[in-house]
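Positions in the sequence shown are counted from 1; adding 4 to them yields this note's numbering. From the three backbone atoms N, C-alpha and C, an ideal C-beta is built for every residue, glycine too.
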Amino acid sequence: MVRIVLWVIVGLLVLPVSYLIYLFYEFSVHNKKLQYKVWNLVIQKLSWNGQGKALDIGTGAGALAIELAKKFPNSKVWGIDYWGKGWNYSKEKCEENAKYEGVADQVVFQKGSASNLPFKDGEFDAIVSNFVYHEVRDVKDKKKLINESLRVLKKGGRFSLQDTFNNRRRYGIIEDLIRDIKKWGVEEVNFIDSANEIPMPNLLKFELKTMGLLYGIK
Ligand SMILES: C[S@@+](CC[C@H](N)C(=O)[O-])C[C@H]1O[C@@H](n2cnc3c(N)ncnc32)[C@H](O)[C@@H]1O
5 MVRIVLWVIV GLLVLPVSYL IYLFYEFSVH NKKLQYKVWN LVIQKLSWNG QGKALDIGTG
65 AGALAIELAK KFPNSKVWGI DYWGKGWNYS KEKCEENAKY EGVADQVVFQ KGSASNLPFK
125 DGEFDAIVSN FVYHEVRDVK DKKKLINESL RVLKKGGRFS LQDTFNNRRR YGIIEDLIRD
185 IKKWGVEEVN FIDSANEIPM PNLLKFELKT MGLLYGIK
């Protein structure tokens, strides 16, 4: 009897630990497969012609900015991030990555916060962001971050923004969020559940169920 109880306890411990190790591997910087699919979805939904200036908000190691520059050789791309503690990213790392990918002349990396972007209204033709807003500590109302991002996008400009938009405690009901964005004068707003768009194991789909993508035309 004691042996059975012990085995049950071991089983109960092994399962969650294995699950955590699996998730850690899937999201680790060493496993780029899933991350590339996530970045690609953001770019795929950005219906931009690649002429002019684009901004990647919370660029991290610069991956999305670099992918944009590679896809749109006529564009100039800015990547901004506050590169705070807790992330293994830096401006230097971004510049190194851009050089390695052959787009150093096309990309500018700059320190700045998503809560107060160091750009004028309507300065960009396209904006993207991936998994940043929920990380921003100095703004509680995350809708304000979407509003600030859209501020620097010109009228008719294209956007593709990915975050945990299905998390109701953070963003409220998605239909209300879309209605609010339209009230700000945004012409077209679309939404998709990212986890359903990206091929991935069901276990990961469950883990990423709050992930969503807002895209459209200002
Ligand atoms: C999960 S990472 C995503 C990085 C990148 N977008 C990507 O897809 O690889 C979150 C990023 O948000 C950045 N971040 C957090 N708060 C920020 C803020 N207030 N302004 C700009 N970037 C911020 C962090 O420095 C980090 O690079």
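Given residue 216, which residues of its chain have a CB within under 8 angstroms of its CB, disregarding the five upstream and five downstream residues? Position 212 of the sequence shown, counted from the start, is the residue given in the question as residue 216. Around residue 216: 166, 167, 168, 169, 170, 178, 195, 196, 197 and 198.
Within 10 Å of its beta-carbon, does residue 187 have 16 or more other beta-carbons around it, so buried, or fewer, so exposed? The residue labelled residue 187 in the question sits at position 183 within the sequence shown. Here residue 187 is exposed, its C-beta having fewer than 16 other C-beta atoms within 10 Å.
Proximity of residue 116 and residue 158 at Cβ, strictly below 8 angstroms: Counting from one through the sequence shown, the residue named residue 116 turns up at place 112. Counting from one through the sequence shown, the residue named residue 158 turns up at place 154. Against a cut-off of 8 angstroms, the Cβ pair of residue 158 and residue 116 comes out as no contact.
Are the CB atoms of residue 66 and residue 113 nearer to each other than 8 angstroms? Numbered from its first residue, the sequence shown carries residue 66 at position 62. Numbered from its first residue, the sequence shown carries residue 113 at position 109. In this structure, residue 113 lies closer than 8 angstroms to residue 66 by Cβ.
Can you tell me where the beta strand (DSSP E) with residue 195 in it begins and where it stops? Position 191 of the sequence shown, counted from the start, is the residue given in the question as residue 195. First-last of the beta strand (DSSP E) with residue 195: 192–197.
Taking the alpha carbon of residue 98 as the reference point, which residue from 77, 63 and 89 has its own alpha carbon closest? Sequence index remark: in the sequence shown, residue 98 carries index 94 (1-based). For the set 77, 63 and 89, the Cα lying nearest the Cα of residue 98 is the one of 63.
Quick check on residue 91: buried or exposed, where buried means 16 or more other Cβ atoms within 10 Å of its Cβ? If you number the sequence shown from 1, residue 91 lands on position 87. Answer is exposed; the Cβ neighbour count stays below 16.
Indicate the three-state DSSP secondary structure (helix, strand or coil) for residue 82 in the structure shown. Reading the sequence shown from its first residue, position 78 is the one you call residue 82. Strand.
According to the neighbour-count rule (16 or more other Cβ atoms, all chains shown, within 10 Å of its Cβ), is residue 101 buried or exposed? The residue labelled residue 101 in the question sits at position 97 within the sequence shown. Buried, by the Cβ-count rule.
Can you tell which of 185, 222, 205 and 176 has its C-alpha closest to the C-alpha of residue 191? Within the sequence shown, the letter at position 187 stands for residue 191. If you compare the alpha carbons of 185, 222, 205 and 176 with that of residue 191, the shortest gap goes to 222.
Who does residue 114 pair with in a DSSP beta bridge? Stepping through the sequence shown from its first residue, residue 114 is reached at position 110. According to DSSP, which records beta bridges pairwise, residue 114 is partnered with 84.
Could you tell me the alpha carbon to alpha carbon distance between residue 68 and residue 38, rounded to whole angstroms? Translated into positions along the sequence shown, residue 68 becomes position 64. Translated into positions along the sequence shown, residue 38 becomes position 34. When rounded, the distance between both Cα atoms is 14 angstroms.
Please determine whether the Cβ atom of residue 85 lies at a distance below 7 angstroms from any heavy atom of ligand 1. Here residue 85 is taken as the residue at index 81 of the sequence shown, counted from 1. Yes; taking the cut-off as 7 angstroms, the Cβ of residue 85 has a heavy atom of ligand 1 nearer than that.
Using only CA atoms, which one of 94, 146, 44 and 11 lies nearest to residue 185? Taking the sequence shown and counting its residues from 1, the one referred to as residue 185 is at position 181. Of 94, 146, 44 and 11, the residue nearest in Cα terms is 146.
With the cut-off set at 8 angstroms, would you say residue 58 and residue 128 are in Cβ contact? Along the sequence shown, read from residue 1 onward, the residue named residue 58 stands at position 54. Along the sequence shown, read from residue 1 onward, the residue named residue 128 stands at position 124. Between residue 58 and residue 128, the C-beta gap is smaller than 8 angstroms, which places the two residues in contact.
Going by DSSP in three states, residue 60 sits in which element: helix, strand or coil? The residue you call residue 60 lines up with position 56 of the sequence shown. Look at residue 60 here: in three-state DSSP terms it is strand.
Assuming the contact rule is C-beta atoms closer than 8 angstroms, residue 156 and residue 119 should be a hit. Round their C-beta distance to whole Å, please. Position 152 of the sequence shown, counted from the first residue, corresponds to residue 156. Position 115 of the sequence shown, counted from the first residue, corresponds to residue 119. About 13 angstroms separates the two Cβ atoms, so there is no contact after all.
Where does the unbroken beta strand (DSSP E) through residue 128 begin, and where does it stop? Taking the sequence shown and counting its residues from 1, the one referred to as residue 128 is at position 124. Per DSSP, the continuous beta strand (DSSP E) segment holding residue 128 begins and ends at 128–134.
I'd like the list of long-range same chain contacts for residue 214, defined as Cβ closer than 6 angstroms, with 5 residues on each side in sequence excluded. Along the sequence shown, read from residue 1 onward, the residue named residue 214 stands at position 210. 168, 170 and 171.
Where does the unbroken alpha helix (DSSP H) through residue 167 begin, and where does it stop? Reading the sequence shown from its first residue, position 163 is the one you call residue 167. Element bounds for residue 167: not the alpha helix (DSSP H) but the beta strand (DSSP E), 157–167.
Starting from residue 185, follow the beta strand (DSSP E) in both directions and report where the run begins and ends. For this step, residue 185 is matched to residue 181 along the sequence shown. No beta strand (DSSP E) contains residue 185, which is instead part of the alpha helix (DSSP H) from 178–187.
Would the C-beta of residue 119 count as close to ligand 1, meaning under 7 angstroms from any of its heavy atoms? Numbered from its first residue, the sequence shown carries residue 119 at position 115. Yes.
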